[in-house]
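Here's the structure, in structure tokens; my notes come after.
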Amino acid sequence: SQTLQLALSNRRLGYFTKSGKQYQVMAQVERAQRDEPNDLSTYFVRNTSNELIPLESLIFKEETTSPSQIYHYNRYKSATISANLAPGRTIGDGIAAMNGIFNEMKQRKVIDESFSTSLGGASKDYQESSSNTLFAFLLALVLIYLILAAQFESFIDPLIIMLTVPLAIAGAVLSLSLFGQTLNIFSQIGMIMLIGLVTKNGILIVEYSNHIRDKGSSAVKSAIYAASMRLRPILMTSLAMIFGALPLALSLGAASTSRIPLGIVIVGGVLFSLILSLFIVPVMYTLLSRRKAKAPTAIEKLSE
1 SQTLQLALSN
11 RRLGYFTKSG
21 KQYQVMAQVE
31 RAQRDEPNDL
41 STYFVRNTSN
51 ELIPLESLIF
61 KEETTSPSQI
71 YHYNRYKSAT
81 ISANLAPGRT
91 IGDGIAAMNG
101 IFNEMKQRKV
111 IDESFSTSLG
121 GASKDYQESS
131 SNTLFAFLLA
141 LVLIYLILAA
151 QFESFIDPLI
161 IMLTVPLAIA
171 GAVLSLSLFG
181 QTLNIFSQIG
191 MIMLIGLVTK
201 NGILIVEYSN
211 HIRDKGSSAV
221 KSAIYAASMR
231 LRPILMTSLA
241 MIFGALPLAL
251 SLGAASTSRI
261 PLGIVIVGGV
271 LFSLILSLFI
281 VPVMYTLLSR
291 RKAKAPTAIE
301 KLSE
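Our numbering puts the first residue of the sequence shown at 1, with every later residue one more than the last.
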């Protein structure tokens, strides 16, 4: 092996300096003596008796074919499989299809357990961003719930308020499907934004319902009155957000791929939540709220 390494590997043995410049000393036989398998007959090695014997007498030659380059990934030999997405399909659909093909090949014993797969390129970025986006979405839900619980001094009122979030998410998904858009990283960012945009509808209704109920009104009357009184600010803020995101949903140009899903998610989610939250939040407030009317103080009794 040392003989073949010195003859063929182009191994660096050292350096030498000439005219102020440093050059490498490489060990390798001339090209004319290493192009053919028969050239091995010109190589010799020493035996234990320090005699030179032909290398050809110690080896067995077999001519085979091999790839010109062997690619490695994570220090393992690898093969890269690339594919383009069909119209209407997402990267997530492509990843699921490739995993299904891989599992089917394992079940049919086409490949053994030593084979594994790993994502790369846009697929890898999508998988990493999806997991990070899900964590950000859950973290946003928890933070908003804790803030609302501290604000309302209740664990029930924040739950009623956050019922607007599933409505907005349903509207966003429905809008994406209706306009032929995919659930990508940009639409996921829009859904995280919806958490803060749509909870204000529930805050307006629940906060005013509590205010009316503290005066002795029933839960049903308080919820209905609060929904009617808060209709104008809810409409104004929701329409402002819808018209603000409308240019994103209608955008054209090179970057429209990222802007359109984001705009559609915001417009569809806010609009869907606007319509249903005016009915769902008062109903759930009536069913879940455990707030009791405050007893009138002595000053209030005297003023009466």
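Where is the CB? At the ideal position from N, CA and C, for every residue including glycine.
Keep in mind it's a predicted model, so treat the numbers as computed, not measured.
Could you tell me which of 76, 204, 191 sits nearest to residue 234, measuring between CA atoms? Residue mapping note: residue 234 aligns to position 234 of the sequence shown, counting from 1. Considering only alpha carbons, the answer is 204.
If contact is defined by three or more beta carbon pairs under 8 Å, each pair taking one atom from either stretch, is the segment 266-275 in contact with the segment 175-194? yes
My understanding is that residue 277 touches residue 182, with C-beta atoms under 8 Å, so please give their C-beta distance in whole angstroms. In the sequence shown, counting from the first residue as 1, residue 277 sits at position 277. In the sequence shown, counting from the first residue as 1, residue 182 sits at position 182. At roughly 27 Å, the Cβ-Cβ gap does not stay under 8 Å, so residue 277 and residue 182 are not in contact.
Where residue 73 sits in the DSSP three-state scheme: Within the sequence shown, the letter at position 73 stands for residue 73. The answer is strand: DSSP assigns residue 73 an E or B state.
In terms of residue numbering, what span does the alpha helix (DSSP H) encompassing residue 199 cover? If you number the sequence shown from 1, residue 199 lands on position 199. Counting along the chain, the alpha helix (DSSP H) containing residue 199 begins and ends at 185-213.
Would you kindly report the start and end of the unbroken alpha helix (DSSP H) that includes residue 137? Looking up residue 137 in the sequence shown gives position 137. Note, residue 137: alpha helix (DSSP H), 122-152.
The segment 148-160 / the segment 256-268 touching (three or more Cβ pairs under 8 Å): no
Nearest by alpha-carbon distance to residue 206: which of 192, 137, 231 is it? Residue 206 sits at position 206 when you count from the first residue of the sequence shown. When only C-alpha atoms are compared, the closest one is 231.
Contact between the segment 80-99 and the segment 188-203: three or more CB pairs below 8 Å? no
Beta-carbon within less than 6 Å of residue 286's beta-carbon, same chain only, minus the 5 sequence neighbours each way: which residues are those? Position 286 of the sequence shown, counted from the start, is the residue given in the question as residue 286. Cβ within range, chain order: 219, 220, 223.
Measuring CB to CB, does residue 16 end up less than 8 Å from residue 25? In the sequence shown, residue 16 corresponds to position 16, counting from 1. In the sequence shown, residue 25 corresponds to position 25, counting from 1. Yes, Cβ-Cβ distance for residue 16 and residue 25 is below 8 Å.
Are the CB atoms of residue 179 and residue 258 within a distance shorter than 8 Å? Counting from 1 along the sequence shown, the entry for residue 258 is found at position 258. Counting from 1 along the sequence shown, the entry for residue 179 is found at position 179. Not closer than 8 Å, so no.
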